[in-house]
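Single-structure report; data block below.
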DNA sequence: TAGATTGTTAATCGATTAACAATC
DNA sequence: TAGATTGTTAATCGATTAACAATC
């Protein structure tokens, strides 16, 4: 009796990962429209702004419910609220930062992050010389205190900004402390239980996408050095 | 006569974007294997390390040539060299950084980036109080000097670490200076000519993927607050 | 009402996987 | 040789797009 239709549960069983990342883009774009005092938008407009077809926008949203008005479109404020609720940023998530090096400090300083529903409430590092220091109002703690900190602040998400050499171990400690969502900035593949959600940002990989595009696509100005042979034929 | 087979040109016409990003993951993993003194690997091993099927690994590589030995596998060093050449990181790319705030400074300090084939050779900002200051050996220049700097260092890639409010204009100046590849850290959609390659990293969006996973997937421990109704039925 | 735009079903397209002959 | 693993073709699967009745 709870099987066949169950219209009310946005169970998200079968929501493809790509849909979720587009959802974030819709949200970002809708918030921009709101700032520009736009009241109503449409799948066509949203699609044009983001480079998607109108059909895709409607299909994506249809995964989660009926948010539009036929003949009218979508009210920005309503859709923002709906998408935030779907994504789960209708409330703020406390986050712990692991690794307070170059990047970690930048993330700590990055206020305007809490606007988007995330708030760094604690920071840990493995370098004892940093313990007790305060950065942007957050005291740097030994990594061993992770379980306590997680309990204390009801943390559910972590950001790893540790060096590659430490990242796997740090990730395991994070999971051991009861956290199931990790944003990983270290350039390695984390091996963790499947129930842990991991997002990854690798600067080198992003740049490599550009390098590939430069060397393989676009020969409008033929400035590129001449093609080498493949290694073996 | 150049149409049908043309085995030698890895033209990359039809290389899906997803293949290119997996290529970077293969490279990263192969380099790690090399560091661990592994000489030979296989599509099965590579796949297991990264969570792909063996068929996918082989198919991805087959887009670009024949790099393996039937019955043997792939020699790590050879495959590393081949993949670097495909990606275009068999040489170093000079990069200009636009925006020297929190994040920009972290990127400047991020040595070990040049190891991967990218070298920040210049930095610009729009804040005059920063002009002339030197950070990690790079002098911060007015954004107006972009065209000169690009010429001077033969720059082909740019990183935007400017605030959202400035990013579109900065991007346009970068393109006007003759750059066709941009890594954008600002949380906006850049509107640029289609021949410009853009990669984007939006911290909030990455975190939102985790937030979605936390609120919609995985109810192993039923700690999550009870489900709200969708906005309208 | 006429015009616009939704949500959804069916058609198309592309990407992943399975299977296997060829090769070492 | 027997065992392993590639590169590739064919089968499967999933995601995107087109089309349209329903709705405002």
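Residue numbers (my numbering), protein chains in the order written: chain Y, 1 to 233; chain R, 1001 to 1233.
Heads up, the beta-carbon is just placed ideally off N, CA and C, and yes, glycines get one too.
None of these values were measured; they are calculated from a predicted model.
Under 8 Å: do the region 186-204 of chain Y and the region 1167-1177 of chain R share three or more Cβ pairs, one atom per stretch? no
With DSSP as the reference, identify every bridge partner of residue 134 of chain Y, one or two as the case may be. Y:139
Using a C-beta cutoff of 8 Å, does residue 214 of chain Y count as contacting chain R? yes
CA-CA distance, residue 182 of chain Y and residue 167 of chain Y? 11 Å
Which residues, taken in chain order from the region 1027-1061 of chain R, show a beta carbon closer than 9 Å to some beta carbon of chain Y? 1027, 1028, 1029, 1032, 1049, 1050, 1051
Which listed residue (Y:17, Y:35, Y:163) has its alpha carbon closest to that of residue 1113 of chain R: Y:163
Under the three-state DSSP convention, the category residue 1109 of chain R falls into: helix
So residue 1096 of chain R is in the beta strand (DSSP E); what residue range does that whole segment cover? 1093-1098
Quick one: is residue 1116 of chain R buried, meaning 16 or more other Cβ sit within 10 Å of its Cβ, or exposed? buried
Run of the alpha helix (DSSP H) containing residue 60 of chain Y, from where it starts to where it stops: 54-62
Helix or strand or just coil, what does DSSP make of residue 83 of chain Y? helix
To the nearest angstrom, report how far apart residue 1144 of chain R and residue 1169 of chain R are at their CA atoms. 12 Å
Does the structure place the region 78-88 of chain Y close enough to the region 1084-1103 of chain R that three or more beta carbon pairs sit under 8 Å? no
So, does the CB of residue 1149 of chain R fall closer than 8 Å to a CB anywhere in chain Y? no
Between the beta-carbon of residue 1150 of chain R and the beta-carbon of residue 1196 of chain R, is there less than 8 Å? no
Can you list, in chain order, the residues of its chain with a C-beta nearer than 7 Å to that of residue 16 of chain Y? Leave out the 5 residues immediately preceding and following it. none
Roughly how many angstroms lie between the CA atoms of residue 1123 of chain R and residue 79 of chain Y, to the nearest whole one? 39 Å
Going along chain R in order, which residues have a C-beta closer than 8 Å to the C-beta of residue 71 of chain Y? Residues of chain R passing the Cβ test: none, with the nearest at roughly 16 Å.
If you run the structure through DSSP and keep just helix, strand and coil, what is residue 1175 of chain R? helix
Apart from the five residues just before and just after residue 1054 of chain R, which ones in its own chain have a Cβ nearer than 6 Å to its Cβ? 1043, 1044, 1047
Which residues in chain R have a C-beta closer than 8 Å to the C-beta of residue 74 of chain Y? List them in chain order. Within 8 Å Cβ-Cβ: nothing; residue 74 of chain Y doesn't reach chain R, min ~11 Å.
In terms of DSSP beta bridges, what is residue 1158 of chain R paired with? R:1096, R:1182
Alpha carbon to alpha carbon, what distance is there between residue 67 of chain Y and residue 23 of chain Y? 13 Å
Tell me the rounded alpha-carbon separation between residue 65 of chain Y and residue 72 of chain Y. 17 Å
Look up residue 1014 of chain R in the DSSP assignment and give the residues it is bridged to. DSSP lists no partner for residue 1014 of chain R.
Spatially closest choice to residue 25 of chain Y from R:1075, R:1206, R:1104, by CA coordinates: R:1206
Using 10 angstroms around the beta-carbon of residue 139 of chain Y, count the other beta-carbons present and answer buried if the total reaches 16, otherwise exposed. exposed
Would you call the region 1208-1215 of chain R and the region 186-195 of chain Y touching, i.e. three or more CB-CB distances under 8 Å? no
In the region 1091-1111 of chain R, which residues sit with their C-beta less than 8 Å from some C-beta in chain Y, listed in chain order? 1093, 1095, 1102, 1103, 1105, 1106, 1107, 1109, 1110
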